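Visitor: A single structure is presented below for examination.
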């Protein structure tokens, strides 16, 4: 299941769109206005319900960006994840599998355990109830 989700995220980012994974995170591009040119940087944010449920803090280097500075995000489509980004999974497998993965990650973070989740685009690191994304 995670491989299909990871491929889905990568595909969205390749097309300069973000993805909102329900109950977990928003991953998109942030446009930074620097001097005379704009640059883009990967933006990862754990969703507020996830942070509240599992008592996890989002580690940010700076204040949250304006919505206008973030690339548009699409909502996670379970059918699309199953059909386009996996060979064998059905929609129900993706729904159940992603739910279990999110809960297990949240429980590990809530217990203060150190964990690392690999994405094609970087790593989500968690330690002592604080999570940060490293591109």
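Numbering (the numbering used here), first residue to last: 277 to 411. From the three backbone atoms N, C-alpha and C, an ideal C-beta is built for every residue, glycine too. Being a predicted model, the structure only gives us computed values, none of them experimental.
1. Just confirm the distance between the C-beta atoms of residue 294 and residue 349, as a whole number of angstroms; I'd bet it's less than 8 Å.
2. Entirely within the region 321 to 381 and at least 3 residues each: give me those beta strand (DSSP E) ranges in chain order.
3. Is it buried or exposed for residue 388, if we count other Cβ within 10 angstroms and need 16 for buried?
4. Check whether the Cβ atoms of residue 320 and residue 299 sit closer than 8 Å, and answer yes or no.
5. Is it true that the CB of residue 373 sits closer than 8 Å to the CB of residue 307?
6. Measuring CB to CB, does residue 296 end up less than 8 Å from residue 405?
Guide: A quick look at the data gives this:
1. 4 Å
2. 349 to 351
3. exposed
4. no
5. no
6. no
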